[in-house]
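Asker: Here it is, the structure in full.
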Amino acid sequence: MNELRVDGDSLMKLLSELAAHGRSPSGGWTRPALSEADAAARRIVIARLAALGLEIRHDEVGNLRARRPGSDGAAAPVWTGSHLDSVPSGGYLDGPLGVAGAVCALEALARAKVKTRRAIEVVVFVGEEGSRFPRGTIGSAAVSGELSAVEVLALRDAEGVSFADALAAYRDPGAAIPARVAPGEVHAFVELHVEQGGVLEANGAQIGAVTAIAGLVQRAVTFTGDANHAGATPMHLRRDALLAAAEWALALERAAREVGGGAVATVGKLEVFPGGKNIIPGRVEAICDLRAPDAAHLDAVDARAVAALQHGAARRVAVSERRLQRVEPGAMDERVIAAVERAAAQVGLRSHRMVSGAIHDALHMAEVTASSMIFVPSVGGRSHCPEEETRPEHLTAGATVLAHLLLGLAG
Ligand code: GLV
Ligand code: MN
Ligand code: MN
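Per the working numbering, residue 438 is the first one in the sequence shown, and the count goes up by one each step.
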């Protein structure tokens, strides 16, 4: 076997080709699920996978699957991959690194003339970020069976476009394979991803071996007061929806700090109506995002978030809420975590075990197969923003660790 090493220039070239799609006028990248930018990025990946001679298929919800055959056709394959969609004005690495890294890892295996016993499949999951349709990790939830294909196809975006219609424009025509896989059908899953926090930098480690993924609850809340004249309405006669929402956001911050255990709470979306500079806000639409590494802490922060809505009554502001999504926290598989550490050591890198605060497709894959993730350091811990960056040597190191890990798992 020749030396197994990812070509850093080739990885950077693929990442920059993907980054040419979905540039946002407001900065960063906006690549909604099943959008033209998402489809364009996917076509680039398909071309690279086709050049490797892989068998390329798509499933009924639009996940892309490309298989490198193994010598034992009866052995369950190893999967690796991530997503190409992004948050609004996000970074260029969240998702694309796991896809480009997988492509380049397979190219490295081909260059090293490595044959594996098990097949290796590169998977590009659809709709991970949840920024277009009402929930995230859509593709992997269909693979694990948490969502049926029928449920996925019926999802609608804010403009009322159904997932089925968006998919028809996005996916290559032709027969689709079933999305769902049965337990045992996939031998193991690994996802390369940027860390999106500052733990690796703080620990001086180049590789994170992910032991668990935090769970999440998202709730949409409507605060309804009275729109009124900003000059003529005395303070004691107001029903200001924004002030009620602001108090609630601050209560969430306190709740996360008091609950502890790694719980975090964010109000990242707040729309103020009618939104005039001389009008008291009459209505506010807010979405909160609550996370914790275990169900007990997630329950605790969620219960406080709901209880804190009662404060609206003191301002005579009406409050209604609905849960958009709950994702249970999940543990990764000890054998795969240890295999990530071994692969890092083979490449001469320091690894660090850590929990992922961000959700990933690996969470659903862990429901159907042994899974873990390889993290690489995020410069300044920044992500979900245009400043998201990872040093090129860390990107290449992560993909090289992935190549060694795939070789180890596929035998
Ligand atoms: C996905 O990136 C999430 O954790 O929201
Ligand atoms: Mn993300
Ligand atoms: Mn991601």
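For glycine and all other residues, C-beta sits at the position ideal for the given N, C-alpha and C.
For the beta strand (DSSP E) containing residue 706, list its first residue and its last residue.
Answerer: Run containing residue 706: 701 to 710, per the beta strand (DSSP E) assignment.
Asker: Determine the direct distance from the alpha carbon of residue 607 to that of residue 482, and round the result to whole angstroms.
Answerer: About 14 Å.
Asker: So residue 804 is in the beta strand (DSSP E); what residue range does that whole segment cover?
Answerer: That residue, residue 804, is in no beta strand (DSSP E); it is neither H nor E in DSSP.
Asker: What are the boundary residues of the beta strand (DSSP E) that includes residue 725?
Answerer: Start and end: 720 to 729.
Asker: Using 8 Å as the threshold, is the C-beta distance between residue 475 and residue 534 below it?
Answerer: Their beta carbons are not under 8 Å apart, which means residue 475 does not touch residue 534 by this criterion.
Asker: Whose CB is closer than 5 Å to a heavy atom of ligand 1? List the residues in chain order.
Answerer: Going along the chain, the residues that qualify are 795 and 796.
Asker: I'd like to confirm something about residue 378: is its beta-carbon nearer than 7 Å to some heavy atom of ligand 3, or not?
Answerer: No answer is possible for residue 378: it lies beyond the span of the chain, which begins at 438 and ends at 848.
Asker: Let me make sure I understand the geometry here. Which of 507, 661 and 823 has the alpha-carbon closest to that of residue 428?
Answerer: Nothing in the structure corresponds to residue 428, since the chain is present only between 438 and 848.
Asker: Per DSSP, which one or two residues make a beta bridge with residue 811?
Answerer: Bridge partners of residue 811: 629 and 646.
Asker: Going by DSSP in three states, residue 495 sits in which element: helix, strand or coil?
Answerer: If DSSP states are grouped into helix, strand and coil, residue 495 belongs with the strands.
Asker: Residue 658 and residue 791 - do their beta-carbons sit closer together than 8 Å?
Answerer: The answer is no: Cβ separation not under 8 Å.
Asker: When DSSP labels each residue in this structure, what does residue 841 get in the three-state scheme?
Answerer: Here residue 841 sits in helix by DSSP.
Asker: So, at 6 Å on beta carbons, what are the nonlocal neighbours of residue 621 in its own chain, with the 5 sequence-adjacent residues on each side left out?
Answerer: Correct list: empty, nothing qualifies.
Asker: Please report the residue range of the beta strand (DSSP E) in which residue 755 lies.
Answerer: Element bounds for residue 755: 755 to 764.
Asker: Taking 7 Å as the cut-off, is the C-beta of residue 789 nearer than that to any heavy atom in ligand 2?
Answerer: No, Cβ of residue 789 sits at least 7 Å from all heavy atoms of ligand 2.
Asker: Taking the alpha carbon of residue 630 as the reference point, which residue from 824, 836 and 841 has its own alpha carbon closest?
Answerer: The candidate whose alpha carbon is nearest that of residue 630 is 836.
Asker: By alpha-carbon positions, which one of 479, 596, 649 and 470 ends up nearest to residue 566?
Answerer: Nearest of 479, 596, 649 and 470 to residue 566, Cα basis: 470.
Asker: Pull up the distance between the alpha-carbon of residue 496 and that of residue 725, whole angstroms please.
Answerer: Rounded to whole angstroms, residue 496 to residue 725 spans 32 Å at the Cα level.
Asker: Short check: CB of residue 831 to CB of residue 784, under 8 Å?
Answerer: No.
Asker: Among 723, 759 and 511, whose alpha-carbon lies nearest the alpha-carbon of residue 853?
Answerer: Because the chain is modelled from 438 through 848, residue 853 falls outside the range shown and cannot be assessed.
Asker: Please confirm whether any heavy atom of ligand 3 lies closer than 7 Å to the CB of residue 531.
Answerer: Yes, since a heavy atom of ligand 3 falls inside the 7 Å radius drawn around the Cβ of residue 531.
Asker: I need the straight-line Cα distance from residue 601 to residue 571, nearest angstrom please.
Answerer: The straight-line gap from Cα to Cα measures roughly 14 Å.
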